[in-house]
Structures are given as C-alpha cells and as structure tokens.
Amino acid sequence: MEYVKRFVVSCVPSWFWGPIVTLQDCLAAFFARDELKGDNMYSCEKCKKLRNGVKFCKVQKFPEILCIHLKRFRHELMFSTKISTHVSFPLEGLDLQPFLAKDSPAQIVTYDLLSVICHHGTASSGHYIAYCRNNLNNLWYEFDDQSVTEVSESTVQNAEAYVLFYRKSSEEAQKERRRISNLLNIMEPSLLQFYISRQWLNKFKTFTEPGPISNNDFLCIHGGIPPRKASYIEDLVLMLPQNIWDNLYSRYGGGPAVNHLYICHTCQIEAEKIEKRRKTELEIFIRVNKVVLFKLKICFRVKIKN
1 MEYVKRFVVS CVPSWFWGPI VTLQDCLAAF FARDELKGDN MYSCEKCKKL RNGVKFCKVQ
61 KFPEILCIHL KRFRHELMFS TKISTHVSFP LEGLDLQPFL AKDSPAQIVT YDLLSVICHH
121 GTASSGHYIA YCRNNLNNLW YEFDDQSVTE VSESTVQNAE AYVLFYRKSS EEAQKERRRI
181 SNLLNIMEPS LLQFYISRQW LNKFKTFTEP GPISNNDFLC IHGGIPPRKA SYIEDLVLML
241 PQNIWDNLYS RYGGGPAVNH LYICHTCQIE AEKIEKRRKT ELEIFIRVNK VVLFKLKICF
301 RVKIKN
C-alpha cells in the first residue's frame with residue numbers, strides 16, 4: 001500500500017507538468033554514447049582516414065565529494081535565457097554504478113546528498129542560496145546570506161537545484177569509524193606506542209575511502225622529524241596504543257610505522273649548511289651593494305663638478 005502511495009505521488013506532477021526529469025536521466029544523457037558518422041566522422045590516427053565510430057566516457061575513479069553542475073543558463077548569440085526545468089534528485093543512495101568503467105577498482109559507488117546551491121532570478125540577475133545538511137543532527141538548513149533557517153527534506157527536494165554536492169556513503173565505513181572510536185574511548189595502557197598522522201586521521205574520520213596510512217607529512221626522507229617541524233610536531237601526530245595501530249594498519253596498510261620521534265641528524269646538518277650559506281651570501285650581497293653605492297656616489301659627484 002505504501003508503495004502504491006509513493007507511486008501515485010510521483011506520477012501526479014507528470015500528469016500536470018509533463019514527464020519528470022531526474023538526475024539519473026541527466027547523468028545517463030551526459031554519459032550516453034555518441035555515434036560518429038556522416039559529417040561527424042573521426043580522423044583515425046593510424047590510417048589517416050575518416051572512419052565511423054562511437055565515442056563514450058566512463059568513470060575510472062569516483063571522488064569523495066562529487067560536484068554535479070546542472071546547466072541552468074542557455075547563452076545564444078543575441079540573448080541568454082534561464083532553464084527552470086525541475087530536476088528530481090535523491091537525498092540518499094545516488095547509484096553511479098552504470099557509469100563506472102569495467103576495469104575500475106572502485107568499490108563504493110553510492111552517494112548521499114550533502115549540499116545544494118540554488119539560483120533565484122533570471123539569466124541576467126538573481127540571488128544564490130544554499131541548503132546544507134548538518135552531519136551532527138542530520139537536519140537540513142537554508143543559508144541565505146546571513147540568515148540560517150532549518151528546513152524540511154521536502155523543501156530541499158523541491159528546490160530548483162543549480163549545483164549538487166554528494167558525499168560517498170558506506171555503512172561499512174561508518175561502522176569502522178565507530179569501532180575505532182570505541183577503541184579510543186577505552187584506550188588501554190600499552191608498552192609500545194605508535195605515532196600516526198593527524199592529517200590521515202582526518203581523512204579517516206571524513207572519507208569513506210581514506211586510502212593507505214601516510215605518515216610522510218611529518219617525516220623526512222630519512223624517517224626522522226625535519227628540524228623545521230620539531231617545534232610543532234604535536235600538532236601533526238597523535239599517539240596510539242599498539243592494538244589500535246594494528247587494527248588500522250591491517251585494514252589500510254601504508255605507513256611507515258613510527259614508535260619513536262627524533263629530529264633527523266642528517267637534515268639538521270643540511271639545514272645548518274643552508275643557513276650558513278644563506279648568511280654568507282647575505283653578507284656578500286650587503287658588502288657588494290655598499291661598494292656599488294660608493295662608486296655611484298663618486299661618479300655622481302664627479303659629474304656635478306664637471
């Protein structure tokens with residue numbers, strides 16, 4: 001019965017205003033195959049002749065945040081018009097599997113809506129507003145200049161979307177984040193501690209696919225701390241007990257594993273050499289500059305006397 005209600009509600013608008021255009025329709029049209037024949041044949045690089053063919057594109061890798069720009073403005077030679085056709089878009093579960101390349105390693109291809117930008121007005125003037133979802137309470141808010149108002153999901157769905165922002169969604173990734181968060185809350189003493197990049201942890205907390213652990217943002221090529229980062233190293237790393245590190249490393253790989261922080265001696269010597277060279281070059285520059293200025297003054301005085 002509930003399915004019948006949803007079906008009737010979805011069909012009613014099309015009876016009055018024509019067929020509903022969905023975001024999936026737009027994506028299907030964008031990725032549709034284009035036949036190259038007749039006046040539109042392509043030039044073959046091998047045989048150097050015009051040939052019939054088919055042009056198409058597929059996605060090899062999907063981003064964490066997907067930005068979809070709907071064409072709302074048509075610009076002709078003499079005038080411009082606004083396209084106000086309503087495009088229906090899902091708040092959750094946007095499936096991009098049909099547009100994925102066959103050899104793509106991507107595993108997560110579903111997205112949830114994060115934000116919508118709308119344009120109110122004409123092709124020559126208007127005003128922009130945005131709808132954004134708060135991850136803390138899952139409520140939607142309208143941002144209109146300095147005014148922020150809570151709105152319903154139906155308000156967002158009925159909006160005349162101009163730009164849509166989707167975020168990768170995965171229940172498994174959310175469960176993994178909760179599991180690691182629980183381990184951190186009940187952190188047990190450990191004889192062996194590991195240091196991990198706060199930058200990568202940020203990706204872990206926000207990305208569905210954070211990729212391999214990377215500690216290279218706080219390490220030098222020799223595996224130590226660069227001297228210039230030593231003063232604020234605590235802002236770059238977080239110390240984890242061995243069990244949590246093992247959990248993360250076994251799932252995501254990467255590294256390198258770091259259980260001891262030290263300033264790199266090799267980089268320290270190199271930095272001292274560079275600093276010494278910089279001071280020497282500055283002293284030479286100042287000395288040469290003084291000589292040049294002195295000669296210019298003498299030349300200037302001679303010219304005045306003449």
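Quick note: the sequence shown uses full-length UniProt numbering, first residue 1, plus one each step.
Backbone N, C-alpha and C define an ideal beta-carbon position, used for all residues, glycine too.
Classified as exposed, F73 has fewer than 16 neighbouring CB atoms from the shown chains inside 10 Å of its CB.
Boundaries of the beta strand (DSSP E) around A130: G126 to R133.
When secondary structure is reduced to three states using DSSP, F79 falls in the coil class, being assigned neither helix nor strand.
Within its own chain, the residues whose Cβ lies closer than 8 Å to the Cβ of I83, once the five positions on either side in sequence are excluded, are K71, R72, F73 and R74, listed in chain order.
Shown here, H119 sits in a strand according to DSSP, grouped into three states. Spanning the alpha carbons of V148 and G93 requires a straight line of approximately 26 Å. Annotation for K61: no alpha helix (DSSP H) segment contains it, and DSSP assigns it neither H nor E. Taken through DSSP and simplified to helix, strand or coil, C67 comes out as strand. In the three-state reduction of the DSSP assignment, V109 falls in the coil class, being assigned neither a helical nor a strand state.
Leaving aside the five residues that flank L261 on each side, the residues in its chain whose CB is nearer than 7 Å to its CB run, in chain order, Y195, I225 and I233.
For L23, the uninterrupted alpha helix (DSSP H) segment begins and ends at L23 to F30. Rounded to the nearest whole angstrom, the C-alpha separation of R167 and L136 is 15 Å.
The three-state reading of DSSP puts F73 in strand, counting E and B together. Within the same chain, and ignoring the five residues on either side of C118 in sequence, the residues whose Cβ sits closer than 8 Å to its Cβ are Y128, I129, A130, Y131, A159, E160, A161 and Y162. Straight-line spacing of the CA atoms in F285 and G223 works out to 36 Å. F165 sits close to L114, with the two beta carbons spaced by under 7 Å. Considered as a whole, the segment 225–305 harbours 237–241 as its complete beta strand (DSSP E) runs of no fewer than 3 residues, in chain order. Judged by their CB atoms, S231 and D217 are not nearer to each other than the 7 Å cut-off. Here E153 is not near Y141, since their CB atoms are 7 Å or more apart.
For the beta strand (DSSP E) assignment, the uninterrupted runs of no fewer than 3 residues enclosed by the segment 167–221 are, from N- to C-terminal side, 193–197.
Under the 10 Å beta carbon count, C264 is surrounded by 16 or more other beta carbons and is classified as buried. Contact between L36 and V54 holds, since their C-beta atoms are separated by about 7 Å, short of 8 Å.
The beta-carbon distance between V156 and V116, rounded to whole angstroms, is 6 Å. This is short enough to meet the 8 Å contact definition. If you draw a straight line from the Cα of N185 to the Cα of P241, it comes to about 12 Å. For S147, the uninterrupted beta strand (DSSP E) run begins and ends at S147 to V151, by DSSP. For G223, there is no enclosing beta strand (DSSP E), as DSSP marks it with neither H nor E. Your pair L183 and I221 does not check out as a contact, with CB atoms roughly 32 Å apart and the cut at 8 Å. The three-state secondary structure of S154, taken from DSSP, is helix.
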